[in-house]
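Undergrad: Mind looking over this structure? Questions follow.
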Amino acid sequence: MSDAPKPLCVLIVDDEAPARSRMHDVLADCAQEFPLEIAGEAASGRAALELLERVPCDVVLLDVRMPEMDGIELAQHLLKLDRPPAVIFATAYDAYALKAFEVNAVDYLLKPIRAARLKEALARVRTARPLRPEALRELQRAPRAHLSAQERGKIELIPIGDIVYLKAELKYVTVRTARGEHLIEESLSRLEEEYGERFVRVHRNCLVARGAIRGFERAAENGEARWVVVLNGIEEKLPVSRRQQHVMREFFR
Amino acid sequence: MPNFRNLGIALRIVVIVNVMALAAAIVQTSDLRQLWNVLLELSAVVQPLLILSVVALVALNDLLKRLPYYLGVLAVLAIELVLTTLLYTFGQPLLADKPAPLMRYWALVALATGALLVYFDLRGRALSPAFTEARLQALQARIRPHFLFNSINAVLSLIRQNPKRAEAALEDMADLFRVLMADNRSLSPLAREVDLCRQYLELEQLRLGERLQIEWHIDKMPADALVPPLVLQPLLENAVYHGIEPRVEPGVVSIDIYGARGQVHAVLRNPYRHDGGHHAGNKMALANIRERLQLHFDAEATLDTRVGDDTYQVHIAMPYVKGGDS
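Note that the protein sequences, when read in sequence, are chains R and F.
So in our numbering the end of the first sequence lands on 253, straight run, no missing numbers.
So in our numbering the end of the second sequence lands on 579, straight run, no missing numbers.
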């Protein structure tokens with residue numbers, strides 16, 4: 001043990017202050033035998049992402065049940081970082097999640113956390129394979145509250161409520177909000193599956209948020225009249241394909 | 254003998270007799286218009302008799318209770334026949350132009366009374382103390398494991414930094430679990446339930462801090478009222494789990510308890526967001542409390558839920574049963 005390995009850099013993410021402080025204590029206990037340093041604590045997924053952009057970490061200790069963005073969703077966004085950290089989930093009790101963790105060989109800790117168990121998990125981190133996106137999707141129960149795009153080395157979070165439409169373009173999907181556009185690497189049909197009723201398909205390559213639809217109008221294009229969707233918040237109008245014209249019926253009442 | 258003063262029993266009598274009248278009308282007629290006429294004709298006789306019977310039975314309830322069962326049955330039959338005779342003699346204008354002989358009414362009334370008494374006897378057996386007790390035992394409220402482990406974790410975090418607070422938290426937990434594991438089949442004072450709720454919320458505040466804000470409105474609470482144990486605590490657990498935990502910003506859980514017109518009302522409100530997903534746990538707790546209320550108070554207790562724009566409300570109304578000193 002002469003050439004000591006570089007200490008592991010650890011981030012704690014939990015919405016409850018006492019849970020964070022407990023994790024801090026137990027990590028401090030581990031630190032006596034296991035070289036590590038605590039990069040910080042975050043009370044929400046968003047705060048964790050911001051912190052990780054400034055201070056890259058090796059490991060994230062991640063609470064599963066958190067408001068706004070749960071641990072499973074955050075882990076999915078983390079995969080978009082240039083150097084995704086290893087993730088160890090922590091949960092108090094969640095029969096469903098535990099089964100899914102076992103099936104997908106995802107490492108997890110049960111609260112109250114034991115130092116011995118935490119040390120084991122940390123020791124495995126360096127050799128562990130990174131999390132597979134498919135495994136995380138299987139763990140996910142509710143639709144994600146945000147989509148994420150990697151832009152200029154940073155993770156941009158896009159709250160689902162802000163999205164006006166999603167449009168498939170070659171390899172990417174364009175996410176349009178009132179403020180701008182983002183490109184994400186996901187499939188339109190999977191997004192449609194995940195969000196179900198929130199979006200409606202107006203075209204083979206386009207999902208529109210129901211809440212963003214102001215109305216429909218006839219527009220002439222290349223001498224041919226066709227229906228377009230008029231949207232709240234943006235000027236752009238989207239064509240409705242002939243095959244999807246039935247969706248307009250529910251809005252005409 | 255059933256307790257005729259119980260609202261549920263009186264309601265059952267009214268409903269069943271009316272269903273019988275409807276059946277009789279259907280037997281006598283072939284088309285809908287005729288059915289309506291016959292039903293009206295029957296009602297002219299049945300409703301006054303029904304009202305008089307219920308009033309008489311409520312008035313004589315205590316007396317009937319004291320009699321041995323078979324004498325009670327005879328007494329009820331006698332009351333009914335006397336009322337029928339009175340109505341027959343003094344209420345002629347109510348009857349059809351050519352009234353049937355009194356004997357026919359007697360026979361019908363005796364049959365209907367007999368059928369009802371058999372029904373109440375069977376129902377009484379089904380709800381016998383042994384059965385009710387077993388059911389109540391099975392409905393023993395259970396605490397969410399999620400709460401248990403998170404609380405233990407929170408207490409562990411306090412031990413090093415704030416041992417005093419950790420002690421208090423463990424004491425609260427001990428009290429809470431003592432009640433949860435106790436035999437909760439008989440009613441207990443409302444004041445005790447409120448104390449328990451306070452201890453529970455104290456523990457949740459340990460974890461959630463500022464995020465959980467509590468408003469108590471219990472100045473008009475009848476503290477001595479007897480209520481089923483753990484009738485409120487599981488509802489607060491739901492309020493925290495579904496209303497507070499999914500929010501980043503602070504939320505208010507409000508508890509409003511008051512007495513009014515012989516009833517105890519408890520109204521719990523918590524913030525609520527429509528996009529929240531799973532609610533199976535919430536429904537389970539509500540069904541459990543609803544059944545326990547029914548076993549204790551029958552139709553005299555109600556539990557209503559209302560979903561507002563951004564609040565979720567549970568309203569319980571129970572009869573005000575005064576507790577003795579014991």
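Every residue gets a Cβ at the ideal spot worked out from N, C-alpha and C, and that includes glycine.
Please read all numbers here as calculations on a predicted model, not as lab measurements.
What do you reckon, are the CB atoms on residue 523 of chain F and residue 483 of chain F nearer than 8 angstroms?
TA: Not in contact: residue 523 of chain F and residue 483 of chain F (Cβ atoms no closer than 8 angstroms).
Undergrad: Verify whether the separation of the beta carbon atoms of residue 303 of chain F and residue 267 of chain F is less than 8 angstroms.
TA: It is a contact, given that the beta carbons lie within the stated cut-off.
Undergrad: Measure the alpha-carbon distance for residue 225 of chain R versus residue 244 of chain R and round it to whole angstroms.
TA: Going by the C-alpha atoms only, they are around 16 angstroms apart.
Undergrad: When the cut-off is 8 angstroms and only beta carbons count, does residue 47 of chain R lie next to chain F?
TA: Taking Cβ atoms only, chain F never reaches closer than 8 angstroms to residue 47 of chain R, which makes this a no.
Undergrad: Going along chain F, which residues have a C-beta under 7 angstroms from residue 93 of chain R?
TA: Chain F residues near residue 93 of chain R: 398, 399, 402.
Undergrad: I need the boundaries of the alpha helix (DSSP H) containing residue 127 of chain R, first residue and last residue.
TA: Residue 127 of chain R -> no alpha helix (DSSP H), and no H or E assigned at all.
Undergrad: Excluding sequence positions up to five away, which residues of its chain have a Cβ less than 6 angstroms from the Cβ of residue 14 of chain R?
TA: Around residue 14 of chain R: 20, 63.
Undergrad: Using only alpha-carbon positions, find the residue among F/273, F/300, F/308 that is nearest to residue 587 of chain F.
TA: As shown, chain F starts at 254 and ends at 579. That puts residue 587 of chain F outside it, with no answer to give.
Undergrad: Would the beta-carbon of residue 39 of chain R fall within 8 angstroms of that of residue 11 of chain R?
TA: For residue 39 of chain R and residue 11 of chain R, yes; Cβs fall inside 8 angstroms.
Undergrad: If I measure Cβ to Cβ from residue 34 of chain R and keep anything under 8 angstroms in the same chain, skipping five residues before and after, which residues do I get?
TA: Here the set comprises 8, 119, 122, 123.
Undergrad: Reducing DSSP to helix, strand and coil, say where residue 434 of chain F ends up.
TA: Looking at residue 434 of chain F - three-state DSSP - the assignment turns out to be helix.
Undergrad: Going along the chain, which residues of its own chain have a beta-carbon closer than 7 angstroms to the beta-carbon of residue 57 of chain R, five neighbours each way excluded?
TA: Counting only Cβ-Cβ distances below 7 angstroms, and skipping sequence neighbours, we find 9, 10, 11, 39, 85.
Undergrad: At a Cβ cut of 8 angstroms, what residues of the segment 59-80 of chain R count as close to chain F, listed as they run along the chain?
TA: Per Cβ criterion, the list reads 65, 67, 68.
Undergrad: With 9 angstroms as the C-beta to C-beta threshold (strictly closer), list the residues of the segment 441-471 of chain F near chain R in chain order.
TA: Listed by position along the chain: 459, 460, 461, 462, 464.
Undergrad: Assign residue 254 of chain F to buried or exposed, taking buried as 16 or more other Cβ atoms, counted over all protein chains shown, within 10 Å of its Cβ.
TA: Flag for residue 254 of chain F reads buried.
Undergrad: Assuming residue 219 of chain R contacts residue 164 of chain R (C-beta within less than 8 angstroms), just tell me the rounded distance between them.
TA: Not really, about 18 angstroms apart at Cβ, beyond 8 angstroms.
Undergrad: Return the Cβ separation of residue 571 of chain F and residue 539 of chain F in integer angstroms, given the expectation that the two are a contact with Cβ distance under 8 angstroms.
TA: About 15 angstroms; that fails the 8 angstroms criterion.
Undergrad: Measure the alpha-carbon distance for residue 338 of chain F versus residue 305 of chain F and round it to whole angstroms.
TA: So the two alpha carbons sit approximately 12 angstroms from each other.
Undergrad: Is it right to say residue 70 of chain R is buried, meaning 16 or more other beta carbons lie within 10 angstroms of its own, or is it exposed?
TA: Buried, by the Cβ-count rule.
Undergrad: In chain R, which residues lie with their C-beta within 8 angstroms of the C-beta of residue 406 of chain F?
TA: Residues of chain R passing the Cβ test: 18, 19, 22, 92, 111, 112, 113.
Undergrad: Name the residues in the segment 498-514 of chain F whose C-beta lies less than 7 angstroms from a C-beta of chain R; which are they?
TA: So the close ones are 498, 499, 500, 501.
Undergrad: Using the three-state DSSP reduction, which class does residue 113 of chain R fall into: helix, strand or coil?
TA: It is coil, neither helix nor strand.
Undergrad: Under 8 angstroms between beta-carbons, which chain F residues line up against residue 162 of chain R? List them in chain order, please.
TA: Chain F residues near residue 162 of chain R: none, gap ~14 angstroms exceeds 8 angstroms.
Undergrad: Can you tell me the Cβ-Cβ gap for residue 73 of chain R and residue 140 of chain R, rounded? I've got them flagged as a contact below 8 angstroms.
TA: 7 angstroms between Cβ atoms; contact.
Undergrad: In chain R, which residues lie less than 8 angstroms from residue 526 of chain F when you measure between Cβ atoms?
TA: Residues of chain R passing the Cβ test: none, with the nearest at roughly 10 angstroms.
Undergrad: Would you decide whether residue 111 of chain R is buried or exposed? Buried here means 16 or more other CB atoms lie within 10 Å of its CB.
TA: Buried, because 16 or more other Cβ atoms sit within 10 Å of the Cβ of residue 111 of chain R.
Undergrad: What is the DSSP secondary structure of residue 525 of chain F, counted as helix, strand or coil?
TA: In this structure, residue 525 of chain F counts as coil in the three-state DSSP scheme.
Undergrad: Closer than 7 angstroms by C-beta to residue 535 of chain F: which residues in its own chain qualify, once you throw out the five before and the five after it? Chain order, please.
TA: Once the five neighbours on either side are set aside, the close Cβ partners of residue 535 of chain F are 491, 495.
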